[in-house]
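S.K.: Below is the structure I would like to discuss, written out as structure tokens.
Number of protein chains: 2
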Amino acid sequence: MSAPSRIGEVMALDRLVHEPARLLILAVLVNAKEVEFGFLEQVSGLSKGNLSSHMGKLEAGGLIEVKKSFRGKRPLTELRITAAGRKALADYRQGLAMVVQELPAPSVAAKRK
Amino acid sequence: MSAPSRIGEVMALDRLVHEPARLLILAVLVNAKEVEFGFLEQVSGLSKGNLSSHMGKLEAGGLIEVKKSFRGKRPLTELRITAAGRKALADYRQGLAMVVQELPAPSVAAKRK
DNA sequence: ACAGACAAGTTTGCAATGCAAACCTATTTG
DNA sequence: CAAATAGGTTTGCATTGCAAACTTGTCTGT
Chain A
81 MSAPSRIGEV MALDRLVHEP ARLLILAVLV NAKEVEFGFL EQVSGLSKGN LSSHMGKLEA
141 GGLIEVKKSF RGKRPLTELR ITAAGRKALA DYRQGLAMVV QELPAPSVAA KRK
Chain B
81 MSAPSRIGEV MALDRLVHEP ARLLILAVLV NAKEVEFGFL EQVSGLSKGN LSSHMGKLEA
141 GGLIEVKKSF RGKRPLTELR ITAAGRKALA DYRQGLAMVV QELPAPSVAA KRK
């Protein structure tokens with residue numbers, strides 16, 4: 081018989097994307113052309129510090145690009161997902177889909193409490 | 081306004097289950113009545129140490145039960161998923177399913193090159 | 001003009017984590 | 001008896017995620 085399941089796939093998930101905070105960031109970015117730091121802070125609910133460090137990691141990994149400029153006299157940081165980022169997210173999504181499939185649907189043999 | 085999507089769900093994912101190694105463990109356990117430590121070590125590919133510590137956390141969280149006994153003269157550790165574990169896994173699975181749905185299918189605007 | 005509040009991020013400090021190497025105890029084999 | 005194996009646990013370490021504190025600059029009230 082086949083392995084207990086193909087769930088070993090789960091170990092192949094991209095950890096950079098797997099982290100919820102970063103997945104959230106990527107998910108927002110993938111639906112917009114460009115996103116401001118402040119906006120992201122609001123919709124994500126992440127603290128500035130937390131957001132900043134995740135941003136740094138995503139940038140270091142090449143999944144996003146960060147453009148710094150000024151709006152009037154104030155600093156403005158904008159984030160944009162890269163092609164690599166889209167790919168990573170798509171791959172991750174596919175991995176997730178597999179995991180979801182392999183995980184037993186509770187509806188079947190689950191306990192009705 | 082409503083959030084860009086319901087992806088904020090991702091932040092609600094149970095971190096205890098979210099960790100790939102533990103998800104793998106739970107996925108194996110949910111399909112079997114009882115599983116031996118050694119077997120799990122093999123199918124998961126985790127080192128004994130790593131497995132042992134994840135096992136400890138799952139047990140501490142009440143998602144699994146660990147039964148220690150002897151087979152002949154040798155120690156034997158068996159793992160079993162609890163009702164809470166099944167529930168946590170089912171909830172997690174549902175969360176994942178939502179995330180997968182909300183994540184854009186790559187087929188649309190995927191590769192330009 | 002200046003004190004204080006606010007904006008926009010970055011840096012720092014810390015606790016928690018994941019991982020494997022080393023270790024431990026007991027058994028089996030050469 | 002020595003060495004290898006089985007079955008796990010503990011230790012040590014490097015990485016992380018998180019928020020508090022800090023930085024730099026603008027704006028408001030008086």
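Chains A and B, in that order, give the protein sequences.
To convert, take the position in the first sequence, counting from 1, and add 80; that gives the numbering used here.
To convert, take the position in the second sequence, counting from 1, and add 80; that gives the numbering used here.
Ideal Cβ positions, reconstructed from N, Cα and C, are used throughout, including at glycine.
Small disclaimer: the values here were computed from a predicted structure and weren't measured.
1. Tell me, please, whether the region 138-147 of chain A touches the region 104-123 of chain A by the rule of three or more beta-carbon pairs shorter than 8 Å.
2. If distances are taken between C-alpha atoms only, which option among A:Pro100, A:Arg86 and A:Arg151 comes closest to Gly125 (chain A)?
3. Using a threshold of 7 Å, state whether the C-beta atoms of Glu182 (chain B) and Glu114 (chain B) are closer than that.
4. Between which residues of its own chain and Val110 (chain A) is the CB-CB distance below 8 Å, once the five residues before and five after are set aside?
5. Exposed or buried, what is Ser82 (chain B) when buried is set at 16 or more other beta-carbons lying within 10 Å of its beta-carbon?
6. For my contact list, Lys137 (chain A) and Leu96 (chain A) are in at a C-beta cut-off of 8 Å; report their separation, rounded to the angstrom.
7. Rounded to whole angstroms, what is the Cα-Cα separation between Pro84 (chain A) and Leu120 (chain B)?
8. Under a Cβ-count criterion, where at least 16 other Cβ atoms within 10 Å of its own Cβ denotes burial, should Arg102 (chain A) be classed as buried or exposed?
9. Could you name the residues of chain B that Lys121 (chain A) contacts, counting a contact when the two beta carbons are closer than 8 Å?
10. Using 7 Å as the threshold, is the C-beta distance between Ser90 (chain B) and Val180 (chain B) below it?
11. At what residues does the alpha helix (DSSP H) containing Lys148 (chain A) begin and finish?
12. Quick check on the DSSP output: the beta strand (DSSP E) that includes Ile161 (chain A) runs from which residue to which?
13. Could you give the residue range of the alpha helix (DSSP H) that holds Ile110 (chain B)?
14. Nearest by alpha-carbon distance to Pro155 (chain B): which of B:Gln122, B:Ala140 and B:Gly118 is it?
15. Would Leu131 (chain A) pass as an interface residue toward chain B - the criterion being a Cβ-Cβ separation below 7 Å?
16. What residues in its chain sit with their C-beta under 7 Å from that of Ile87 (chain A), if we drop five residues either side in the sequence?
17. So, at 8 Å on beta carbons, what are the nonlocal neighbours of His98 (chain A) in its own chain, with the 5 sequence-adjacent residues on each side left out?
18. Within 7 Å (strictly less), CB to CB, does Leu96 (chain A) reach chain B?
19. What residues from the region 97-111 of chain B come within 8 Å of chain A, judged by C-beta to C-beta, listed N to C?
20. Residues in the region 167-178 of chain A with C-beta within 9 Å of chain B's C-beta atoms, listed in sequence order?
21. Could you name the residues of the same chain whose beta carbon sits closer than 6 Å to that of Lys148 (chain A), not counting the 5 residues immediately before and after it, in chain order?
22. Using the beta-carbon of each residue, which ones in chain B are nearer than 8 Å to Ile87 (chain A)?
M.R.: Reading off the structure:
1. yes
2. A:Pro100
3. no
4. Ile161, Gly165, Arg166 and Leu169
5. With a pLDDT of 43 at Ser82 (chain B), under the threshold of 50, the modelled position of this residue cannot be trusted, and the question is left open.
6. 7 Å
7. The predicted position of Pro84 (chain A) is uncertain, since its pLDDT is 46 and thus under 50; a value taken from the coordinates is nonetheless stated next. Using only the alpha carbons, I get a separation of about 11 Å.
8. buried
9. Looking at the sequence shown, residue 121 (chain A) is not Lys but Glu. Residues of chain B passing the Cβ test: none, with the nearest at roughly 13 Å.
10. First, the residue type needs correcting, since residue 90 (chain B) is Val and not Ser in the sequence shown. Contact: no.
11. From DSSP, Lys148 (chain A) is part of no alpha helix (DSSP H) but of the beta strand (DSSP E) over Ile144 to Arg151.
12. Arg154 to Ile161
13. It is Val, not Ile, that sits at residue 110 (chain B) in the sequence shown. Taken as a continuous stretch (DSSP letters only), Val110 (chain B) belongs to no alpha helix (DSSP H), as it is neither H nor E.
14. B:Gly118
15. no
16. Val179 and Glu182
17. Tyr172
18. no
19. His98, Pro100, Ala101, Leu103, Leu104, Ala107, Val108, Val110 and Asn111
20. Lys167, Leu169, Ala170, Asp171, Tyr172, Arg173, Gln174, Leu176 and Ala177
21. Thr157
22. Leu103, Leu104, Ala107 and Val108
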